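In what follows, a single structure is set out as structure tokens and then discussed.
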Amino acid sequence: NRDEWTLFEVFLGDAAVTPLEHAVKDYLGPRVDEVLAVYAKNHRSIDRAWIDLIGDVSFRIPMIRLAEAQSAHAPVWMYRFDFESTSFGGRLGAAHALELMFVWNAIDLPVSKILLGEDRIEPARPLARAMHDAWAAFIRGEDPHASALPTWPRYERPARATMRLDLTSEVVLDPGGDARAMWPE
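Take the working numbering: the final residue in the sequence shown is number 197, and no numbers are missing along the way.
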């Protein structure tokens with residue numbers, strides 16, 4: 013579900029996105045309508061499409077470019093965190109940085125309960141353990157495989173295998189590829 017609010021919107025409201033629209037329009041130039049149309053296909057409103065587009069230009073696309081460049085020199089693994097929070101009326105969804113409490117297996121901290129939603133803590137425990145195990149393996153210099161996750165292939169072009177982390181995790185090939193392809197390399 014890509015119709016979630018970002019952490020920035022919850023705390024800053026429209027001030028989080030509106031000022032960035034002009035900069036993104038300048039960056040994309042005459043392609044802005046074409047790119048926005050691709051994002052709009054996955055949303056109920058053009059405002060939600062702008063949120064996703066700005067999130068991509070700020071976070072996802074730079075990380076994809078970094079992963080692609082690094083994969084020429086060393087193994088790379090890519091993930092997409094899709095576990096959705098119910099806090100703030102569900103507006104956070106799978107917001108940027110929510111995965112950190114899972115990586116550290118720290119979902120019982122008070123701030124974690126606030127950001128995830130009290131009702132999400134118990135269902136999240138297996139995912140938090142699996143993510144913590146995968147990151148710990150990676151830190152030890154091993155492939156980030158965890159027994160509770162599917163086999164996690166390396167991120168390489170053209171497949172762009174990405175672990176989608178959620179209550180049921182899976183490997184997906186080139187998630188959001190239609191939007192990714194709109195951005196210059």
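We put the beta carbon where it would ideally sit given N, CA and C, even for glycine. Please read these numbers as outputs of a predicted model, since none were measured by experiment.
Would you kindly work out how many angstroms separate the C-alpha atoms of residue 128 and residue 177, rounded to a whole number? 15 Å
Per DSSP, what kind of secondary structure is residue 46 in: helix, strand or coil? helix
DSSP state of residue 57 mapped onto helix, strand, coil: coil
Where the beta strand (DSSP E) containing residue 173 begins and where it ends: 173-177
So, does the region 108-115 touch the region 82-97, judging by three or more C-beta pairs under 8 Å? yes
Between the alpha carbons of residue 45 and residue 51, how many angstroms are there, rounded? 10 Å
Whole-angstrom Cβ separation of residue 162 and residue 181, contact assumed at under 8 Å? 6 Å
What is the residue span of the beta strand (DSSP E) that residue 139 lies within? Segment 133-151 is the alpha helix (DSSP H) holding residue 139; no beta strand (DSSP E) there.
Look at the alpha carbon of residue 73 and the alpha carbon of residue 67, and state the distance between them as a whole number of angstroms. 9 Å
Cut-off 6 Å between Cβ atoms - residues of its own chain near residue 144, not counting five sequence neighbours on either side: 117
Complete beta strand (DSSP E) runs within the region 87-114 (minimum length 3 residues, chain order): 90-93
I'd like the list of long-range same chain contacts for residue 80, defined as Cβ closer than 7 Å, with 5 residues on each side in sequence excluded. 169
If residue 167 and residue 70 are in contact, beta carbons under 8 Å, what's the gap, nearest whole angstrom? Incorrect: roughly 20 Å between the Cβ atoms, too far for contact.
Contacting residues, own chain, Cβ-Cβ under 6 Å from residue 14 (five flanking each side not counted): Confidence at residue 14 is low in this model, with a pLDDT of 40, below 50, so the placement of that residue should be treated as unreliable; the coordinate-derived value is given next. 54 and 64, listed in sequence order.
List the residues that DSSP assigns as beta-bridge partners of residue 182. 176
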